[in-house]
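*Asks:*
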Amino acid sequence: MTTRRRIAALTLATALLAGLGACAAEPGGSPAADTKPVAGGTLRVGENADEPTLLDPHQLSTTNTTTLLRPIFDTLVWQNTDGSFAGGLADSWDVSPDGLEYTFHLREGVTFHDGSPWNAAGLKANFEHIIDPATKSPLAASYIAPYRSSEVVDEYTLKVTLATPYSAFLNVLAQTYLSIVSPKQIVEAPETIAEHPIGSGPYKFHKWVKGESISLVRNEDYAWAPKEAKNQGAPYLDGITFTFVPEDAVRYNGLLADDFDIIEWTPPQNVAQIEKKEGFSFTSTDRPGHPFSLWLNSERAPFDDVAVRQAFVASIDRKDIVDTVSFGQWEVSNGYITPVTPDYAENASAIDFDPDRANELLDEAGWTGRDSQGYRTKNGERLTAFLPHTGTVAQTTQIIELAQAAAKKVGFDVQIQLVSTQEATDRAAVGDYDLTSGIWTTNTADVLWIRYSSDNITTPERRGQNGSYTRDDELDGLLDSARQTTDEAERASLYEQAQERLVELAPAVPLYVRPDLVSHSDRVGGVTFESAYGALWFQDTWLAAE
Amino acid sequence: MDVAKIGVRLAAGVGVAWGAATLTFLAVQITPGDPAYAIVGGPEANPSPEVIAQVRAEYGFDQPLLVQYVRYLGRLAVGDLGTSYRLQSPVTQVLGEQIGGTVQLAGVAALLAAVLAVVVAVFTARRGPVVRGGATSIELFLASSPSFWLGILLLSVFSYALHWLPSVGNADGRALVLPALTLALPIAAVLSQVLRSSLEEVLEQPFITTARARGLSDAAVRVRHGLRHSLIPLATMTGFVVGGLLGGTVIVESLFTRQGLGRTLLAAVNAKDMPVVLGVVLLSAVVYVVVNLVVDLLYPVLDPRLKTVTATEARETVTANEGTETTETEEVSA
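Listed below in structure tokens is the structure:
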């Protein structure tokens, strides 16, 4: 290569890197939008680096799990887009008036990929696999913690008994983490689930190239899709290959260069570009659960004073921060659960950005002094909040720094401490922080119990998820009652009151609803999402011919 | 170098491995945090106390430290590297699955680097300022390019703009081209700089003049006489090459979405999966020991004058006498 050509190539590459160059990928084939589904083709999906460590759904807790394993498995219950529940591998169910007994009437005629049949004993085996400590379930087991026992009534009926009423039981049973695994595999060779999972879903596991990709093939026999699917038969695609691409730029440009047909985790900064690009489309869905938030530790000063917490929350222009960090692609959160979560209270009081109010609150709380750097003081002590942070996610770092700058304007000294993941985990365990960040995605308002019930404060025996150390009798009462009621309207009302109460308690600064940002070639048709987590769902997806 | 000396070398290698293993074990103990939470961990996890207890018992974290250390060494002695925290499968199995991709990538890259370095050095040594200057500037550019940046550059040109080569995976030989080049180019650049300067010294030697006087062509002089004398300094660069290849795979495998040890190491470090980190560290230590042993054994082959001296002395001799003597063997072989 001569120097001149080298310079030309360099210039080109630099332009591409800066996102200015036209990565001229020819749109392949006709746009799929208005045409009919066709069978065939292998869909190439680009994911981020978060490859599952093993493939037993009951042993996983990561986001990508919900996209990767949903095609292999069915769930007992299906969550419709409107938040209601429909049959999955159960046709219907009865709940006893005291909320302690669930009788599941199972769908008949379902077979797993290994040919074994689906029946009540199989469901029982799944529950027992989930709660068995040997399974080492990081999430599924705690989601059905109230489960006590089950009894096979007949071939297709199972009666489940709970230790305490648990109104979120059906919700969590719709999540991929509680997928139904082949009972034959659970009984005969549970250790093989991790490497070669067998389910009853529309696609069968095919191959896992560790550190690179997972591929699935069509299940020709599939005839038990949830009613919500347009396609009630076997899926259109011959197969699906998920590739784990660590680099955002490589994933995005790989889509443009036809190395992928569809990608999740579209870098937010590329959304505006892909929306305009000929031959490509962009779509997204919001995920349920607790929004990404900064949690305030109410166990120690300064956030043990509710006025100081309220002041901190009011001092931060949440919308401005979220828009800046996400290039306008994330929705700012206006409550302590996201709008797509069942029992979201639309009418709860707004969490306002109001620096004047923040200043008033701090004055009233006695933080009236100012030191030489402009921070507020009280009895000679500066208004300081420590925030340990691992710095592994650039956007989180950016959010934290913007929040730090906003809080400084009303006199908070937020000190960001860069720490290792282990140190962060350890400090979280003993509550050695004033602020901490995180998110919790789940399809039930029971996430408020997980994050704010005093039952879930960490003790020496048990690590809990109430990182804000919220201890409020009124809130505990509301969340417990909501867990125990079997009346949907009453449950909704209790959760509405709980959300209202949280605005007063100000245990966190809710920031954004984390959406699934999906970009795809127009050759891909029927791009849909399941609602139990907000993950891509491939039952209706097809690929137009070249 | 006789058998006894090789034995001493190997024993030293085992010592190095034991040291690395002990240091890593201590590092794991000093690092704060409960490994049980690393195993059923992640920010999205909510393990119950029963699950945590199960993990502690299964991995032996409930045992005294000394017992854990002795058990750990005992397992190492029989080639058992333990169980990955993150993947919950044996480390030997994890490394076994991943090593193929890395060997393929590093092997092709090493070959590419060697061929490129030799070809460029032989053709540019003692040439006019345009050729030589051009070559040195390109070498300088490549040697100082971070491989992440170089990889993105190659991807942008050959995958995204020209569509000649795929950007992900290791499905076929085509997918190997760009990652191997990314890994090879900086190494080739350094090797060819070293080789050229040593070649240039050799080409000024009287025996070269003799060879030319006997009517040998320029190419024959460069390849048959010059190159052979310049190989020793190149052999001493092996450590650098191995280090560059092993280190480079961490970035290259991630960038090009390839299976391999480098990518596995990165994921293990991020997840505090110490058994896997240790496995890769030990494997690298073994590779270093073996490669250096092989290089030592090769010195006398490359330069017959060194047949009677030890490897260490050989290095000293080479450093001291590099290119200042003519050799009888060379004259004879010509």
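Residue numbers (the working numbering), protein chains in the order written: chain A, 1 to 546; chain B, 1 to 334. Think of the CB as a built atom: it goes at the ideal place given N, C-alpha and C, for glycine as much as any other residue. None of the values given here were measured: they were computed from a predicted structure.
1) Note down, in chain order, each residue of its chain lying with its Cβ closer than 7 Å to the Cβ of A:V110, except the 5 sequence neighbours on either side.
2) For A:Q79, which residues does DSSP report across the bridge?
3) Would you kindly check if the distance between the Cβ of A:L237 and the Cβ of A:T584 is under 8 Å?
4) Do the CB positions of A:Y533 and A:T75 come within less than 8 Å of each other?
5) Which residues of chain E have a Cβ atom closer than 9 Å to the Cβ of A:L256, listed in chain order?
6) Which residues does DSSP list as the beta-bridge partners of A:H196?
7) Between the stretch 504-512 of chain A and the stretch 251-259 of chain B, do at least 3 Cβ pairs fall closer than 8 Å?
8) Can you grab the Cα-Cα spacing for the pair B:L10 / B:L283, in whole Å?
9) Taking the alpha-carbon positions, what's the A:L502 to A:S333 distance?
10) Got a sec: which bits of the stretch 253-278 of chain B sit with their beta carbon under 7 Å from any beta carbon on chain A, in order along the chain?
11) Nearest CA to the CA of B:A21: which residue from B:R75, B:T238, B:L231 and B:D62?
12) Given that a residue counts as buried once 16 or more other Cβ atoms are within 10 Å of its Cβ, and exposed if not, what is A:Y545?
13) Can B:R86 and B:D273 be called in contact, C-beta distance under 8 Å?
14) For A:N270, collect the residues of the same chain with a Cβ closer than 6 Å to its Cβ; drop the 5 residues on either side in sequence, then sort them by chain order.
15) Please list, in chain order, the chain B residues whose beta carbon lies closer than 9 Å to that of A:F303.
16) From A:G464 to A:I450, what distance separates their C-alpha atoms?
17) Alpha carbon to alpha carbon, what distance is there between A:Q417 and B:V301?
18) Put A:D343 into one of helix, strand or coil per three-state DSSP.
19) Of all Cβ atoms in chain A, is any one closer than 8 Å to the Cβ of B:R222?
20) Taking DSSP's pairing of strands, which residues face A:P510 in a bridge?
21) Consider the Cβ of A:A348: report whether some Cβ of chain B lies at a distance smaller than 8 Å.
22) Quick check on this structure: which residue in A:G431, A:T436, A:K159 and A:P342 has the alpha carbon closest to the alpha carbon of A:P388?
23) Have a look at B:S230 and B:A219 and give me their C-alpha separation to the nearest angstrom.
24) Taking C-beta to C-beta, are A:V153 and A:A120 nearer than 8 Å?
25) Below 8 Å on C-beta distance, what does B:L155 contact in chain A?
26) Would you mind telling me which residues of chain B sit closer than 7 Å to A:D259, beta carbon to beta carbon, in chain order?
27) How long is the line joining the alpha carbons of B:A12 and B:V91, rounded to whole angstroms?
28) Quick check on this structure: which residue in A:L255, A:D305 and A:K409 has the alpha carbon closest to the alpha carbon of A:S315?
29) Pairs of beta-carbons, one from the stretch 255-270 of chain A and one from the stretch 40-56 of chain A, closer than 8 Å: are there three or more?
30) Could you list which residues in chain A have their beta carbon closer than 8 Å to that of B:Q54, in chain order?
31) In angstroms, rounded to a whole number, what distance separates the CA positions of A:A24 and B:F240?
32) Output needed for B:A180: all residues of its chain with C-beta closer than 7 Å, excluding positions within five of it in sequence on either side, in chain order.
33) For A:A445, would you say it is in contact with chain B, using Cβ-to-Cβ distances shorter than 8 Å as the test?
34) Excluding sequence positions up to five away, which residues of its chain have a Cβ less than 6 Å from the Cβ of A:S553?
35) Taking the alpha carbon of A:Q329 as the reference point, which residue from A:P288, A:F282 and A:R300 has its own alpha carbon closest?
36) Can you name the start and end residues of the alpha helix (DSSP H) that B:A20 belongs to?
*Replies:* To lay it out plainly:
1) Here residue 110 of chain A is taken as the residue at index 110 of the first sequence, counted from 1. Correct list, in chain order: L89, W118, S200 and W224.
2) Along the first sequence, read from residue 1 onward, the residue named residue 79 of chain A stands at position 79. BP columns for A:Q79 point to A:F85.
3) Outside the displayed range of chain A (1 to 546) lies residue 584 of chain A, so it cannot be described from this structure.
4) Taking the first sequence and counting its residues from 1, the one referred to as residue 533 of chain A is at position 533. Taking the first sequence and counting its residues from 1, the one referred to as residue 75 of chain A is at position 75. The Cβ atoms of A:Y533 and A:T75 lie no closer than 8 Å to each other.
5) The structure shown contains no chain E; its protein chains are A and B.
6) By one-based count along the first sequence, residue 196 of chain A stands at place 196. Partner(s): none; A:H196 has no beta bridge.
7) Verdict: no, contact absent.
8) Taking the second sequence and counting its residues from 1, one reaches residue 10 of chain B at position 10. Taking the second sequence and counting its residues from 1, one reaches residue 283 of chain B at position 283. Cα to Cα, B:L10 sits roughly 15 Å from B:L283.
9) Here residue 502 of chain A refers to the residue found at position 502 of the first sequence. Here residue 333 of chain A refers to the residue found at position 333 of the first sequence. Those two C-alpha atoms are separated by around 14 Å.
10) Taking 7 Å as the cut-off between beta carbons, the residues of the stretch 253-278 of chain B near chain A are S254, L255, T257, R258, Q259, G260, R263, T264 and K272, in sequence order.
11) The residue given as residue 21 of chain B occupies position 21 in the second sequence. When each option's Cα is compared against that of B:A21, the closest is B:R75.
12) Here residue 545 of chain A corresponds to residue number 545 of the first sequence, with the count starting at 1. One detail in the question is off: residue 545 of chain A reads as Ala in this sequence, not Tyr. Exposed.
13) Here residue 86 of chain B refers to the residue found at position 86 when the second sequence is read from its first residue. Here residue 273 of chain B refers to the residue found at position 273 when the second sequence is read from its first residue. For the 8 Å CB-CB criterion, B:R86 and B:D273 form a contact.
14) For this step, residue 270 of chain A is matched to residue 270 along the first sequence. Close CB contacts of A:N270 within its chain, under the 6 Å cut and outside five residues either way in sequence, are with Y252 (chain order).
15) Along the first sequence, read from residue 1 onward, the residue named residue 303 of chain A stands at position 303. Among the residues of chain B, none has a CB under 9 Å from the CB of A:F303; the nearest is roughly 21 Å distant.
16) Start at 1 with the first residue of the first sequence, and residue 464 of chain A comes out as number 464. Start at 1 with the first residue of the first sequence, and residue 450 of chain A comes out as number 450. Across the structure, A:G464 and A:I450 are spaced so that their CA atoms are roughly 8 Å apart.
17) The residue given as residue 301 of chain B occupies position 301 in the second sequence. The residue given as residue 417 of chain A occupies position 417 in the first sequence. C-alpha separation (whole angstroms): 57 Å.
18) Numbered from its first residue, the first sequence carries residue 343 of chain A at position 343. Reduced to three states, the DSSP call for A:D343 is coil.
19) Here residue 222 of chain B refers to the residue found at position 222 of the second sequence. Not closer than 8 Å to any Cβ of chain A, the Cβ of B:R222 fails to qualify, so no.
20) By one-based count along the first sequence, residue 510 of chain A stands at place 510. Paired residue(s): A:S293.
21) Taking the first residue of the first sequence as position 1, residue 348 of chain A is located at position 348. Closer than 8 Å: no.
22) Sequence index remark: in the first sequence, residue 388 of chain A carries index 388 (1-based). Cα-wise, what sits closest to A:P388 is A:T436.
23) Reading the second sequence from its first residue, position 230 is the one you call residue 230 of chain B. Reading the second sequence from its first residue, position 219 is the one you call residue 219 of chain B. Taking the straight line from one Cα to the other gives about 15 Å.
24) Counting from one through the first sequence, the residue named residue 153 of chain A turns up at place 153. Counting from one through the first sequence, the residue named residue 120 of chain A turns up at place 120. Yes; because the gap between Cβ atoms is below 8 Å, this pair is in contact.
25) As a position in the second sequence, residue 155 of chain B is number 155, starting the count at 1. Against chain A, a Cβ distance below 8 Å from B:L155 picks out V250 and N253.
26) On the first sequence, position 259 is the one that residue 259 of chain A refers to. Neighbourhood of A:D259 in chain B, by CB distance below 7 Å: P166, S167 and V168, in chain order.
27) Your numbering for residue 12 of chain B matches position 12 in the second sequence. Your numbering for residue 91 of chain B matches position 91 in the second sequence. Rounded to whole angstroms, the gap between the alpha carbons of B:A12 and B:V91 is 24 Å.
28) Here residue 315 of chain A is taken as the residue at index 315 of the first sequence, counted from 1. Nearest of A:L255, A:D305 and A:K409 to A:S315, Cα basis: A:K409.
29) The stretch 255-270 of chain A makes contact with the stretch 40-56 of chain A; the number of CB pairs closer than 8 Å reaches 3 or more.
30) For the purposes of this step, residue 54 of chain B is taken as residue 54 along the second sequence, with counting starting at 1. Simply P133, A134 and K136.
31) Numbered from 1 along the first sequence, position 24 holds the residue referred to as residue 24 of chain A. Numbered from 1 along the second sequence, position 240 holds the residue referred to as residue 240 of chain B. Note that A:A24 scores a pLDDT of 35, beneath 50, so its modelled location is shaky; the value from the coordinates is reported in the next line. Separation of A:A24 and B:F240 (C-alpha to C-alpha, rounded to the nearest whole angstrom) is 40 Å.
32) Start at 1 with the first residue of the second sequence, and residue 180 of chain B comes out as number 180. Excluding sequence neighbours, B:A180 sits near L105, V108, A109 and L112.
33) The residue labelled residue 445 of chain A in the question sits at position 445 within the first sequence. It does not; no Cβ of chain B falls within 8 Å.
34) Examination of residue 553 of chain A is not possible in this model, given that chain A is present from 1 through 546 alone.
35) Locating residue 329 of chain A in the first sequence gives position 329, where the first residue counts as 1. Across the set A:P288, A:F282 and A:R300, the C-alpha of A:F282 shows the shortest separation from the C-alpha of A:Q329.
36) The count along the second sequence starts at 1 and reaches residue 20 of chain B at position 20. Here the alpha helix (DSSP H) through B:A20 covers V3 to I30.
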